[in-house]
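Going by our numbering, the sequence shown opens with residue 472, and the numbers climb by one from there.
All remarks here apply to the structure that follows.
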Amino acid sequence: MEDTDISLMGLVRKGDERAFELLVLRHQRPVYNLALRFLNDPAEAEDATQEIFIRVFKAAGSYTPDAKFTTWLYTIVRNFCFNLLRSRKQAVIVSVEEESLPELPAVHVDPVDRISREQVREKVIHAVSRLPENMRMAVILSKYHGLQYDEIAGIMGCTVNAIKLRIHRAKAILAEELSGLKPGQD
Numbered sequence: 472m473e474d475t476d477i478s479l480m481g482l483v484r485k486g487d488e489r490a491f492e493l494l495v496l497r498h499q500r501p502v503y504n505l506a507l508r509f510l511n512d513p514a515e516a517e518d519a520t521q522e523i524f525i526r527v528f529k530a531a532g533s534y535t536p537d538a539k540f541t542t543w544l545y546t547i548v549r550n551f552c553f554n555l556l557r558s559r560k561q562a563v564i565v566s567v568e569e570e571s572l573p574e575l576p577a578v579h580v581d582p583v584d585r586i587s588r589e590q591v592r593e594k595v596i597h598a599v600s601r602l603p604e605n606m607r608m609a610v611i612l613s614k615y616h617g618l619q620y621d622e623i624a625g626i627m628g629c630t631v632n633a634i635k636l637r638i639h640r641a642k643a644i645l646a647e648e649l650s651g652l653k654p655g656q657d
């Protein structure tokens with residue numbers, strides 16, 4: 472798919488609007504999900520997604536396939552969201568929900584157990600939201616978008632070792648903050 476993205480960007484560079492539409496269709500959901508995790512507001516994430524793709528279109532002329540297309544795209548998402556967060560100067564709770572439809576609980580699920588798991592989930596979301604921006608971004612890209620360290624380093628503009636260190640420190644912070652939770656309930 473990456474080769475196709477690069478080919479499509481070559482066509483977009485030449486002004487092919489259909490190629491751009493295909494890129495948007497292919498990547499709008501992951502871009503929206505990443506923006507939503509940072510902005511925690513569906514309407515704002517939708518607006519951000521539109522603005523991000525406008526920037527992609529405008530920057531098509533300067534795009535070079537030195538790295539994976541998604542690395543370049545997620546760098547734009549990261550920069551846009553960081554700038555937006557800094558401009559609003561307020562705390563942001565990051566949503567780390569799965570991107571699938573919610574599962575229906577099994578008939579035999581104990582309601583108390585379900586409430587307990589929901590409380591644990593909310594504590595994890597809160598703990599992740601309190602991480603420093605760079606650690607939070609590294610954790611989200613790794614855990615929830617499944618990116619490799621080298622891809623995250625490309626997006627965040629740092630070394631692979633810096634990403635490993637950020638994720639290691641984030642895990643230590645999260646382990647400390649969530650130490651009172653029951654094992655197996657995350």
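Cβ coordinates follow ideal geometry from the N, Cα and C atoms, glycine included.
In the structure shown, arginine 497 falls within a helical segment according to DSSP collapsed to helix, strand and coil. Remark: three or more beta-carbon pairs, one from each stretch, lie closer than 8 Å, so the region 537-547 and the region 610-629 are flagged as touching. Restricting attention to Ile638, Asp512, Ser558 and Lys594, the CA atom closest to the CA of leucine 618 is found in Ile638. Taking a C-beta distance under 9 Å as the contact criterion, aspartate 476 and histidine 498 qualify as a contact pair. Around the beta carbon of alanine 643, fewer than 16 other beta carbons lie within 10 angstroms, which makes this residue exposed. A contact is defined here as three or more CB-CB pairs under 8 Å, and the region 480-488 meets this definition with respect to the region 524-539. In the structure shown, cysteine 629 adopts coil according to DSSP, grouped into three states. DSSP places proline 513 inside the alpha helix (DSSP H), whose first and last residues are 513-530.
Take the alpha-carbon of isoleucine 547 and the one of isoleucine 523: they are about 7 Å apart. Counted as a single uninterrupted DSSP element, the alpha helix (DSSP H) harbouring arginine 607 occupies residues 604-610. Under the three-state reduction of DSSP, serine 650 is assigned to coil, being neither helix nor strand. Taking all protein chains shown into account, glutamate 622 has 16 or more neighbouring C-beta atoms within 10 Å of its C-beta and is therefore buried. Between the C-alpha atoms of proline 501 and aspartate 487 there is a straight-line separation of about 23 Å.
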